[in-house]
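Peer 1: Can you read through this structure? Questions will come right after.
Residue numbers (my numbering): 36 to 225.
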């Protein structure tokens, strides 16, 4: 564009997207989120009264951080005295607090645990892997499940399909040898 158009851009190549550095790839969504989470935690430590260093941070401080994050939560967690406690689909509004969902906290701790070690922290001293943090997350999970009336269930992993299952399902049975598809490919190639 020309300077008279009023765009205010001094970019000599306005049609090209801005680049950070030649050959530098953009971080994945996970890496970008991990960096944001890490910076947020470090900011929390700086603003802590009294200020904390990462070296003095413990599992108790991590739990304090997770409780601090509850004020920004969007998940309604019914209290035991609420008439909607244990109702999967409550019929109306209530005054129960909004909190961070257990799954969000669990994922956050996973990212922070990785970021701690990537920034040079020793795995044995990682406050995000502390037993107290794991217990706290389990209590949050159980409490939210009771409040919703729906228990959290582990996702079941699919078993690898075997040739025997495929052959028996296709021809009504048979005495085929149970072989995984990867093993079958090795046999047929060799």
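Glycine is no exception: its CB is placed at the ideal position from the N, C-alpha and C atoms.
What residues are listed by DSSP as bridge partners for residue 111?
Peer 2: Position 76 of the chain shown, counting from 1, holds the residue named residue 111. In DSSP, residue 111 forms a bridge with 133.
Peer 1: Note the first and the last residue of the continuous alpha helix (DSSP H) segment covering residue 106.
Peer 2: Within the chain shown, numbered from 1, the residue matching residue 106 stands at position 71. Premise fails: residue 106 is in no alpha helix (DSSP H) and is neither H nor E.
Peer 1: Go to residue 75, then tell me how far its alpha helix (DSSP H) extends in each direction, as first and last residue.
Peer 2: Start at 1 with the first residue of the chain shown, and residue 75 comes out as number 40. 64-82 is the extent of the alpha helix (DSSP H) around residue 75.
Peer 1: By a C-beta neighbour count over all protein chains shown, 10 Å radius and 16 as the cutoff for buried, is residue 150 buried or exposed?
Peer 2: Locating residue 150 in the chain shown gives position 115, counting from the first residue. The residue in question, residue 150, is buried, as its Cβ has 16 or more Cβ neighbours within 10 Å.
Peer 1: Cβ atoms of residue 172 and residue 141: under 8 Å apart, would you say?
Peer 2: Within the chain shown, the letter at position 106 stands for residue 141. Within the chain shown, the letter at position 137 stands for residue 172. Yes, Cβ-Cβ distance for residue 141 and residue 172 is below 8 Å.
Peer 1: Output yes or no for whether 8 Å exceeds the beta carbon distance between residue 161 and residue 153.
Peer 2: Taking the chain shown and counting its residues from 1, one reaches residue 161 at position 126. Taking the chain shown and counting its residues from 1, one reaches residue 153 at position 118. Cβ distance not < 8 Å, so residue 161 and residue 153 don't count as in contact.
Peer 1: Pick helix, strand or coil for residue 207, following the three-state DSSP scheme.
Peer 2: In the chain shown, the residue the question calls residue 207 occupies position 172. Any answer about residue 207 is weak, because its pLDDT of 49 lies below 50 and its placement is not dependable; what the coordinates show is given next. Coil, per DSSP.
Peer 1: Assuming residue 148 contacts residue 164 under a Cβ cut-off of 8 Å, what Cβ separation, rounded to an integer in Å, is found between them?
Peer 2: In the chain shown, the residue the question calls residue 148 occupies position 113. In the chain shown, the residue the question calls residue 164 occupies position 129. With a Cβ gap of about 5 Å, residue 148 and residue 164 count as contacting.
Peer 1: By Cβ distance, which residues of its chain are closer than 6 Å to residue 181, with the 5 residues on each side in sequence left out?
Peer 2: Translated into the one-based positions of the chain shown, residue 181 becomes position 146. Here the set comprises nothing.
Peer 1: Give me the Cα-Cα distance between residue 5 and residue 177, rounded to the nearest whole angstrom.
Peer 2: Outside the shown range of the chain, which is 36 to 225, sits residue 5, and nothing can be said about it.
Peer 1: Could you round the C-beta distance between residue 135 and residue 108 to whole angstroms and report it? I think they count as a contact, below 8 Å.
Peer 2: Sequence index remark: in the chain shown, residue 135 carries index 100 (1-based). Sequence index remark: in the chain shown, residue 108 carries index 73 (1-based). Residue 135 to residue 108, Cβ: 4 Å. Contact.
Peer 1: Taking 8 Å as the CB-CB limit, is residue 177 close to chain D?
Peer 2: No chain D is present in this structure, which holds just one protein chain.
Peer 1: Provide the residue span of the alpha helix (DSSP H) that contains residue 169, from first to last.
Peer 2: Position 134 of the chain shown, counted from the first residue, corresponds to residue 169. Where residue 169 is concerned, the enclosing alpha helix (DSSP H) stretches over 166-183.
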